[in-house]
Structure formats: structure tokens, C-alpha cells
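As numbered in the working numbering, residues 89 to 538 make up the sequence shown, in order. Even for Gly, the Cβ is constructed at its ideal location relative to N, Cα and C. A quick write-up on the structure given underneath.
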Amino acid sequence: MKLDTKAKAERSASKSKQSNNRRVCDISYLLVIAVFFLGLFVSVVCFPRSHVSERENRTLADFPKFSISSLLDGSFTGGINVFFSDTVPNRDKLTTKAAAVKDKNGFRVGGVKLHNAKPMQTAKPKAEKADEPETSEGVTEIQEVESNINLEDNATLGNNGILVAGTRGLMLFGGNPDVGRSYAEVVNEYKRVLGDDVNVYCVPIPTSIEFYCPPSYKEQTGSELESINAILGALDGVKGVDVYTTLSKHSNEDIYFRTDHHWAPLGAYYAAESFAKVAKVTFPKLSAYEKVVKKDFVGTLYNFSNDIVLQNNPEDFVYYKPKNVEYTTNYYPIYSMEIPTPGDFFFEYEDGSPLLYGTFMGGDNHITHVHTDVNNGRRLLIFKDSYGNAFSSFMIASFEDLYVVDMRYFQLNAPNFIRDFQITDVAFVNNVFHTDTPSTVEYYRNFLTQ
Numbered sequence: 089m090k091l092d093t094k095a096k097a098e099r100s101a102s103k104s105k106q107s108n109n110r111r112v113c114d115i116s117y118l119l120v121i122a123v124f125f126l127g128l129f130v131s132v133v134c135f136p137r138s139h140v141s142e143r144e145n146r147t148l149a150d151f152p153k154f155s156i157s158s159l160l161d162g163s164f165t166g167g168i169n170v171f172f173s174d175t176v177p178n179r180d181k182l183t184t185k186a187a188a189v190k191d192k193n194g195f196r197v198g199g200v201k202l203h204n205a206k207p208m209q210t211a212k213p214k215a216e217k218a219d220e221p222e223t224s225e226g227v228t229e230i231q232e233v234e235s236n237i238n239l240e241d242n243a244t245l246g247n248n249g250i251l252v253a254g255t256r257g258l259m260l261f262g263g264n265p266d267v268g269r270s271y272a273e274v275v276n277e278y279k280r281v282l283g284d285d286v287n288v289y290c291v292p293i294p295t296s297i298e299f300y301c302p303p304s305y306k307e308q309t310g311s312e313l314e315s316i317n318a319i320l321g322a323l324d325g326v327k328g329v330d331v332y333t334t335l336s337k338h339s340n341e342d343i344y345f346r347t348d349h350h351w352a353p354l355g356a357y358y359a360a361e362s363f364a365k366v367a368k369v370t371f372p373k374l375s376a377y378e379k380v381v382k383k384d385f386v387g388t389l390y391n392f393s394n395d396i397v398l399q400n401n402p403e404d405f406v407y408y409k410p411k412n413v414e415y416t417t418n419y420y421p422i423y424s425m426e427i428p429t430p431g432d433f434f435f436e437y438e439d440g441s442p443l444l445y446g447t448f449m450g451g452d453n454h455i456t457h458v459h460t461d462v463n464n465g466r467r468l469l470i471f472k473d474s475y476g477n478a479f480s481s482f483m484i485a486s487f488e489d490l491y492v493v494d495m496r497y498f499q500l501n502a503p504n505f506i507r508d509f510q511i512t513d514v515a516f517v518n519n520v521f522h523t524d525t526p527s528t529v530e531y532y533r534n535f536l537t538q
């Protein structure tokens, strides 16, 4: 009996000890969690907050301004939430580390993990062409050109429509040829309004997916050539410019960026050369330009895809400044041509800056006027998206005056602008993502009457 009592006492003591140990463990665990969250709270609230994200190429959210109305409608508290989540200290470092962790769980296609693929090898530019203008008439249809490069057949596809093939990012195209025909029709309307005294050109530009899409993903992206042919075939009195064929022939060169959604200046050069033939203006050889190389460029496709492979494989940003022409550049607000601001056409950025595509005119939200010593009486107005920025740089040596307008910001009446500045040539320079977007058609239509 005494033995049973003793055994029960020992078991009770053991249970009590286990309970105490468990309680200590629970308290320790809670303390660790509390210290972690306290440290996280202190770092988020007290450490210097980020104001600009170079990785995302944007200014981060500001702390909202207080007002009774914003407090009552909830926008003030909502703005505070956005501010704290958007301006986390060391935001760029944290998001880069998160992308690296995500990469460790890399998506595999056909048993191949592409995040360690080697960069694509590209050939040197082909021999330069003559300096004298080589003329051609506008085109209405383009034939597909067989690719002369080896394409990556495996890739990773994110749910944001960004395909990463090796170390190249690609944006899947989902355009509609019917919208492209509407785009052509509004360009035709400009020709009807402007009459025979003004040459009107249409320059639809393919993007990199058209030339570098892995064969196994061809069915998941639309045909840019089909959309371009729909546009060119619908033109009436407008000179269509075939840059597709030219770019196809140079697709083994660095005509598009791997890490950015824009074409590279070299691609813009070849396209501008095709335009110059149709416009019948002189066009310099590439050797007539000063070649400028910026290192370690990582562009927008890294931000769009959050794929660490693009971050780990930066590329050169190479652009070209005209050497044998004198010119001055003035910038105007998008709503007036009365207050010029002198400036440089080419803006300087450091190696590795994600803003390097802003080299051309510093961006889009102004009207640019370049006056040159070409003295041929030709004055070109370019309506463009951001692809037109690099393109415009190669028009400086071909026209006496160059006006550059971004379709997303222009606030003046287009026919009046063209008459006031005695424009002789108007070029619509848009990539197919914009030509096949209804808002682009509306922009250009509104310019006729606004």
C-alpha cells in the first residue's frame, strides 16, 4: 500500500515537472516571438524609410495629408497603410532577397531549371551601309523572315505574362488585328486632314517576343506580324514603313534588351534607317555616331517578373550620339509652346542606373524640339510611345527640325500644331502593344479636335 502511494507521488511529481518544463518552453517561445515582432516593429517605425525604389524605377508613396474629409471617407487611414507598406526600410534589398529565395524553388520545364542558364550570345553588327539616302515606297504587307538564331526552347512563365528564356525576359503579346486596323484608320484621318502638303508615315514596331520566343511557347503569344500586316494593309495615302524585315535580318545582334521591355538603340538605328529610305532623307552610317556604353543595366522586366535571373545578368546599355551635325534642344510643357527650356537631348546616368532608357530626352512628359544645321527644309513631327525615344535620336542628322510628342501626354490640337510649325513630315512610331490598344486610337483621334 505504501509502495502504491509512493509511486503515485512520484508520477504526480513527474507530471508537475513536465508541466513546468512545458510552461517554461511556452513562455520562452512567446518571448522569442514577442522580441522578433518588437524588433520588426521598431525597424519599420523607427529606421529611415525608403523614398525611391531604383529596383522598381518609381517614387514610393508619400504620407497622406490629413483633412476631415479624408478621415471620414477612409482615404487618410488607407493612405497611411499604403505609406507604411510601400516605404519599408531597405525595401529594394528585401525584395531582391525575396526574389532570390523564390528562385530556389524554381519552376522547371522539361526537367530543366533555366535560372542558371548562360546569357545568349550575340553577333557583332553587320557591315555599315552607304551614307547616301536609299529610297523605297511604303509597304502594305510583310513576309515572315526565317530566324537565323538558336532559340531557347525551355523557359519559365510567370502569371504576369512575362516569359524568361535563359537570361532574356519577354512579354507575351495579346494584340487584336482589328484594333490595329482602327489604329490605321485614325492615321489615315490625319492624312485626309493634312492633305498632300504633309507626308504621313506609319511605323509599327515589333517587340522582342516576335524574334526570341521559344518554339514551345509560340501558341501562347499572338502574332505581331499579323497585327503589323493588318495595320499596313489598311493604310490609305499613308506611307507604311517596314521595320519588321530589317529587324528580322539583324535579330542575332543586340537590337533588343534582355532585361527591359524596350528595344535597344541599335534596333532603333536599323528601324530609323528603313524610315529614312521611305522618307527620302540622308541617313548617316553608324560610324558617324559616338558610341557610348553604360555597364550593368537591369531594366523593367526584372521589376515586372521579379525573376532574380535578370537581376543577376545585367547587360550593357549602348547608345549613339550624332557627331557630324550641330543641333540645339528645347523642351516645352505638354500644353504650350510658349516657354522653351534649353537642355540636352541626351541625359547622363551612372552605370547600373535603372533609369538609363531615360537617356533620350529624359523621358516622355514634355514636347521636344531639336533644331539642326541639316538645312534641307524638312521638319519632322514624331507621335510616339517610349520606343520612339531611341528612334528620335537617329532623326537628328536627317531633318532640319525635329519635334517629338508622346501620345500619352500631348494636350494641344495636332492639325494646328502641324500648321503653326510648318511640319512637312508626320510619323506615327509605336510598338504593336500600343497600336493594338484601343486607348492609343482614342489618344490620336482626340488630338485632331482637342
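Count the other C-beta atoms from every protein chain shown that fall within 10 angstroms of the C-beta of residue i, then say buried if there are 16 or more, exposed otherwise.
{"i": "R256", "result": "buried"}
{"i": "K327", "result": "buried"}
{"i": "N518", "result": "buried"}
{"i": "K472", "result": "buried"}
{"i": "L536", "result": "exposed"}
{"i": "K279", "result": "buried"}
{"i": "S474", "result": "buried"}
{"i": "Y445", "result": "buried"}
{"i": "C113", "result": "exposed"}
{"i": "E314", "result": "exposed"}
{"i": "Y390", "result": "buried"}
{"i": "Y377", "result": "buried"}
{"i": "D508", "result": "exposed"}
{"i": "T528", "result": "buried"}
{"i": "F124", "result": "exposed"}
{"i": "Y305", "result": "buried"}
{"i": "G355", "result": "buried"}
{"i": "A122", "result": "exposed"}
{"i": "V281", "result": "exposed"}
{"i": "V520", "result": "buried"}
{"i": "D191", "result": "Because the pLDDT at D191 is just 43, under 50, the model does not fix this residue reliably, and the point stays unresolved."}
{"i": "I115", "result": "exposed"}
{"i": "T295", "result": "buried"}
{"i": "K201", "result": "Note that K201 scores a pLDDT of 28, beneath 50, so its modelled location is shaky and nothing firm can be said."}
{"i": "S270", "result": "buried"}
Can the beta-carbon of residue i be found closer than 8 Å to that of residue j?
{"i": "S362", "j": "T334", "result": "yes"}
{"i": "F487", "j": "L468", "result": "yes"}
{"i": "V406", "j": "K379", "result": "yes"}
{"i": "Y531", "j": "R496", "result": "yes"}
{"i": "V462", "j": "A485", "result": "yes"}
{"i": "Y289", "j": "V329", "result": "yes"}
{"i": "Y408", "j": "P353", "result": "yes"}
{"i": "D494", "j": "N464", "result": "no"}
{"i": "F479", "j": "A367", "result": "no"}
{"i": "H338", "j": "T388", "result": "no"}
{"i": "A322", "j": "E273", "result": "yes"}
{"i": "Q499", "j": "I422", "result": "yes"}
{"i": "V268", "j": "I343", "result": "In the sequence on display, residue 268 carries Gly and not Val. Not closer than 8 Å, so no."}
{"i": "G440", "j": "D384", "result": "yes"}
Kindly list the residues whose CB is nearer than 6 Å to the CB of residue i, restricted to its own chain and excluding five residues on each side of it in sequence; keep chain order.
{"i": "L245", "result": "L251"}
{"i": "P213", "result": "Note that P213 scores a pLDDT of 43, beneath 50, so its modelled location is shaky; the value from the coordinates is reported in the next line. Here the set comprises E341."}
{"i": "N287", "result": "D513"}
{"i": "Y491", "result": "H457, L469"}
{"i": "V381", "result": "D404, V406"}
{"i": "F516", "result": "V275, C290, F471"}
{"i": "F299", "result": "S339"}
Where do the ends of the beta strand (DSSP E) carrying residue i lie?
{"i": "D513", "result": "513 to 519"}
{"i": "P430", "result": "429 to 431"}
{"i": "G257", "result": "256 to 259"}
{"i": "T460", "result": "455 to 460"}
{"i": "I250", "result": "250 to 253"}
Tell me the residue span of the alpha helix (DSSP H) that contains residue i.
{"i": "I506", "result": "502 to 508"}
{"i": "V529", "result": "526 to 535"}
For residue i, which residues from the same chain have a beta carbon less than 7 Å from its beta carbon, with the 5 sequence-adjacent residues on both sides left out?
{"i": "N264", "result": "D524"}
{"i": "V413", "result": "T460, D461, V462, I484, A485"}
{"i": "V386", "result": "T347, L398, Q399, P402, P442"}
{"i": "Q308", "result": "L260"}
{"i": "G249", "result": "M259, L260"}
{"i": "F435", "result": "G446, T447, G450"}
Using C-beta distances below 8 Å, list every residue in its chain close to residue i, excluding the 5 sequence neighbours before and after it, in chain order.
{"i": "G431", "result": "T417, N418, Y419, G450"}
{"i": "I506", "result": "L282, V286, L469, V514"}
{"i": "I297", "result": "L251, L258, M259, L260, F261, T309, E312"}
{"i": "F433", "result": "Y415, T417, F448, M449, T456, V458, S481, I484"}
{"i": "K411", "result": "A376, Y377, E378"}
query: Which ranges does the alpha helix (DSSP H) cover as unbroken runs of at least 4 residues, wholly within the region 269 to 333, from first to last along the chain?
result: Fully enclosed alpha helix (DSSP H) runs of 4 or longer: 297 to 300, 312 to 321.
Minimum length 4: unbroken alpha helix (DSSP H) runs contained in the region 471 to 500: Complete alpha helix (DSSP H) runs here, min 4: 475 to 481.
message: Quick check for students: name the residue ranges of the beta strand (DSSP E) that lie wholly in the region 352 to 419, counting only runs of 3 or more.
response: Within the region 352 to 419, complete beta strand (DSSP E) segments of at least 3 residues are found at 377 to 385, 403 to 410, given in chain order.
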